[in-house]
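**Q** Here the working numbering is used: position 442 in the sequence shown is 618, and no number is missing along the way. The beta-carbon is built from N, C-alpha and C at its ideal position, and this holds for glycine as well. Structure in structure tokens, see below.
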Amino acid sequence: MTTVVVGLDGGSFELIEPWMKTGDMPTLARLVDTGVSTDMKSCLPPVTCPNWQCYATGTNPGKLGVFWWEHIDRAERRITNTSSSECFDGQYFWEGLEGRTAVVNLPTSYPPPESGGIHVAGGPGAQQDGYTTPASLEGELEANHGYQIHPDSMSLLSSSDPDSQCVEEIYDLIDSRFDIVEELLDSGDLEFVHVTLFYLNVLQHFFWDHDVVKQAWKQIDDRLGSLVDRPDIEYTFLMSDHGANEIEVTFNINTWLEREGYLVTKRGKSDILHRAGITRERIQSALGTLGIEWWARRFVPRRIQTVLPGSDGTVDKSGKEDVIDWDASRAVASGQGPVYVLETDPSERARIRSELRSKLSGLSHDGTIVVENAVAGEELYDGPAVVSGPDLVLEQGPGIHIQGRIGEDSVFDEPSRWCGENKDTGMFVAAGPEIRPDADLSDMHILDIAPTLLHLHDHAIPKRMDGRARTELFACDSDPATRSVEIRRQQASDTRSRRDAATDDVTDRLDDLGYLE
């Protein structure tokens, strides 16, 4: 039995249903009509990092130890990047399967595991070196397919330029992912295959429902048609790490915290550079014209790069750590939801959290709900990492983008760099010989996928997993597997011998894509 999972980063019925109804996506329409489909909840915040790892391990962020692209360390007064696989405490569910497995382009999985079959790590954190298991596969992919993890012109991507060369490069990346999967399937029996189309959601972020996004979806639909009709595939699952919607209002959470007296900053060098007209955009444009932007990023010291302000004077994650007055501040936020109280005294920390929760829950702007609810970390998560995680996680209202950079003049803005934002409702589709089209999956959650697929493959479900096997998906199915085993995580020193992730490169890439704004 071969099962294929196609991961559609940011996939949402809200966006594609109109295109399906007009006949532009016949394969997706066929899978929905003949199989079962539903909206699916993500872990909060609904972001690539950590939701792809939540899916891949079946565990929540409180066990994984990662809650967003950055970790705010209250005690050490540091902000670190969390896109490396080594930041996560978990094991991929397919590593326990008996048959051969192949995973292509899984985000936040670099460096790749040393065991568990074929693995190709994906963006935005992966480097174009040491990204495959086995290591020899990397050379084969590049020699036979010119395989790339990222588009070359990514830093030039702009919502005002749908004709950007980067858009065409993203189309090429989508094709290359499918090419690799087809080739791997041709090479022999595989029990499980997963492929993620990460840069699909990058297009949605920058262009939302523009024709360039529709074209990407049509391309995916066409490639899906060839894939799902293969006689060697029995089950096809489509899923997303989160959904997406159009941005109507941008909420600058750290500006709000400053206005309310919770965050104090010391701008210093960044302010001086901004007044002199020296900004990230101008430097990048000049270096890009000379063709040396990425070379300069690699060799210019990080301490210099981080003080460069944006054209509007703002400072993103790269320099946020240095402009926070840690002694005077009581709270700081990441983008898209997490809020950290910096007070170390437990009773004072609890008081400030309660105060923030009251002020932020139901916050509105011009009659639009900006924050539907501010939820305490321990109410969302379970596991040893909860104590180091965010104190609050904000549930964004529909059409809201919570931006985490520091230095914005306004608390609320119209959308600028991004047109589309994530939401906590993604998509799930299942098709195959034993799939029940009438199965009730109204409460489907991303954490349910791993135990469900293990159940389908008659494998024990580890106690560590937080989701449940959705056995109602399958016709004539027996009771859920009663076997349970505790899968021990192999020591990182034994299983992860790849070189350390190049954190500076990853931060630059996340910045280009707008994740750290």
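Rounded to the nearest angstrom, how far is the Cβ of Leu518 from that of Ala550, given a contact under 8 Å?
**A** The pair is not a contact, with the Cβ atoms about 17 Å apart (cut-off 8 Å).
**Q** Three-state secondary structure (DSSP) at Gly293?
**A** In the structure shown, Gly293 adopts coil according to DSSP, grouped into three states.
**Q** One question on the structure: do Gly643 and His621 come within less than 8 Å of each other, judged by their Cβ atoms?
**A** The beta carbons of Gly643 and His621 sit closer together than 8 Å.
**Q** With DSSP run on the structure shown, which of helix, strand or coil describes Asp265?
**A** coil
**Q** Strictly by DSSP, which residues pair up with Pro514?
**A** Val569
**Q** Rounded to the nearest angstrom, what separates Glu290 and Thr309 at their Cα positions?
**A** Rounded to whole angstroms, Glu290 to Thr309 spans 6 Å at the Cα level.
**Q** Measuring straight from C-alpha to C-alpha, what distance separates Thr426 and Gln579?
**A** 7 Å
**Q** Where do the N-terminal and C-terminal ends of the beta strand (DSSP E) with Leu606 fall, by residue?
**A** Contrary to the premise, residue 606 reads as Ala rather than Leu in this sequence. From DSSP, the beta strand (DSSP E) with Ala606 extends over Thr601 to Ala607.
**Q** In whole angstroms, what separates the C-alpha of Leu332 from that of Pro338?
**A** Taking the Cα positions, Leu332 is about 11 Å away from Pro338.
**Q** Counting only runs that start and end within the segment 371 to 453, where is the alpha helix (DSSP H) found for 4 or more residues in a row?
**A** 375 to 383, 387 to 404, 429 to 435 and 445 to 451
**Q** Looking at Leu629: is its Cβ nearer than 8 Å to the Cβ of Cys230?
**A** no
**Q** What residues in its chain sit with their C-beta under 7 Å from that of Arg353, if we drop five residues either side in the sequence?
**A** Val280, Asn281, Val371 and Leu373
**Q** Taking 8 Å as the cut-off, decide whether the C-beta atoms of Glu410 and Met177 are in contact.
**A** yes
**Q** Three-state secondary structure (DSSP) at His631?
**A** helix
**Q** Buried or exposed: which applies to Thr179, given that a residue is buried once 16 or more other Cβ atoms fall within 10 Å of its Cβ?
**A** buried
**Q** Return the Cβ separation of Val389 and Gln380 in integer angstroms, given the expectation that the two are a contact with Cβ distance under 8 Å.
**A** 6 Å
**Q** For Leu184, is the classification buried or exposed, using 16 other Cβ atoms within 10 angstroms of its Cβ as the cut-off for buried?
**A** buried
**Q** Quick one: grab the DSSP three-state call for His621.
**A** strand
**Q** Alpha carbon to alpha carbon, how far is Asp521 from Ser188? Give it in angstroms, no decimals.
**A** Distance between the alpha carbons of Ser188 and Asp521: 42 Å.
**Q** So, under 8 Å CB-CB, Gly266 and Thr224 are touching, yes? Tell me the CB distance rounded to an integer number of Å.
**A** Going by Cβ atoms, the distance from Gly266 to Thr224 rounds to 16 Å, so no, they are not a contact pair.
**Q** Could you give the distance in angstroms between the alpha-carbon of Arg527 and the alpha-carbon of Gly553?
**A** 15 Å
**Q** Could you pull out every unbroken beta strand (DSSP E) segment of at least 3 residues lying fully inside the segment 544 to 593, listed in chain order?
**A** 547 to 552, 568 to 572 and 576 to 579
**Q** So if DSSP puts Val280 in a beta bridge, which residue, or which two residues, is it bridged to?
**A** Val296 and Val371
**Q** When you compare the segment 343 to 351 with the segment 394 to 407, are there three or more beta-carbon pairs, one atom per stretch, that lie closer than 8 Å?
**A** yes
**Q** Name the two residues that bound the continuous alpha helix (DSSP H) containing Val357.
**A** Gln341 to Asp362
**Q** If you measure between the beta carbons of Val605 and Gly211, is that distance less than 8 Å?
**A** yes
**Q** Would you kindly report the start and end of the unbroken alpha helix (DSSP H) that includes Ala319?
**A** Ser312 to His321
**Q** When the Cα atoms are used, what is the spatial distance from His541 to Gly364?
**A** 57 Å
**Q** So if DSSP puts Gly495 in a beta bridge, which residue, or which two residues, is it bridged to?
**A** DSSP, once it has assigned bridges, lists no residue as partnering Gly495.
**Q** Does DSSP put Thr233 in a helix, a strand or coil?
**A** helix
**Q** Just the Cα atoms here: how many angstroms apart are Val508 and Ser402?
**A** 48 Å
**Q** Between Glu246 and Thr235, how many whole angstroms is the CB-CB distance? I'm expecting something under 8 Å.
**A** No, Glu246 and Thr235 are not in contact; Cβ-Cβ is about 20 Å, not under 8 Å.
**Q** Between the Cα of Gly238 and the Cα atoms of Glu252, Arg250 and Pro221, which residue gives the shortest distance?
**A** Pro221
**Q** Specify, as a first and last residue, the run of the beta strand (DSSP E) that Lys217 falls within.
**A** Its beta strand (DSSP E) spans residues Val212 to Lys217.
**Q** Answer yes or no: do Thr214 and Ser618 have a C-beta to C-beta separation smaller than 8 Å?
**A** yes
**Q** Taking Cβ positions, are Val515 and Asp567 nearer each other than 8 Å?
**A** yes
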